[in-house]
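In my numbering, the protein residues as written are 12 to 146.
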């Protein structure tokens, strides 16, 4: 620490105190969180379902086509209700979606991603970040 500088508890203060290692602490905690997620029932279910679908590469490819197109439709942000397009996509891929291993994978994926979204929201709770440039 430089002379004539007081210790600060502000983690953004270059001349600060023990808070300089906050990133290392967060990374260590994140690694523990990663292990908890990997050992969770939801992640295990997702991984097992993925292996089952991948055993049939043609089915896996078709499922991924559906997932990609569904994501694209749901990601449009132009104010248009895409219900009919999403419904038609489901009809187009009905035979794939009715396959038990695909259905199991999609359910497992949805459960896991919802739980992960909760984790991300918890991490970001109270953080004020400026995203106005994205508008």
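Just so it is clear, CB atoms sit at the ideal spot from N, CA and C, and this is done for glycine as well.
Reference residue i, options the options, closest by Cα
i	options	result
residue 130	34, 41, 92	41
residue 60	144, 125, 111	111
Three-state secondary structure (DSSP) of residue i
i	result
residue 7	Because the chain spans 12 through 146 in this model, residue 7 falls outside it and cannot be assessed.
residue 131	helix
residue 109	coil
Neighbour-count burial assignment, residue i, 16 or more Cβ in a 10 Å radius
i	result
residue 147	The structure shown does not extend to residue 147, since the chain spans only 12 to 146, so no value can be given for it.
residue 74	buried
residue 13	Since pLDDT at residue 13 reaches only 49, below the 50 mark, its modelled position is unreliable, and no value is offered.
residue 28	With a pLDDT of 49 at residue 28, under the threshold of 50, the modelled position of this residue cannot be trusted; read the value that follows with caution. Classification for residue 28: exposed.
Limits of the alpha helix (DSSP H) - the one that residue i falls within
i	result
residue 138	No alpha helix (DSSP H) holds residue 138; DSSP gives it neither H nor E.
residue 78	68-86
residue 40	33-49
Presumed contact (8 angstroms Cβ cut-off) between residue i and residue j, rounded CB distance
i	j	result
residue 100	residue 81	6 angstroms
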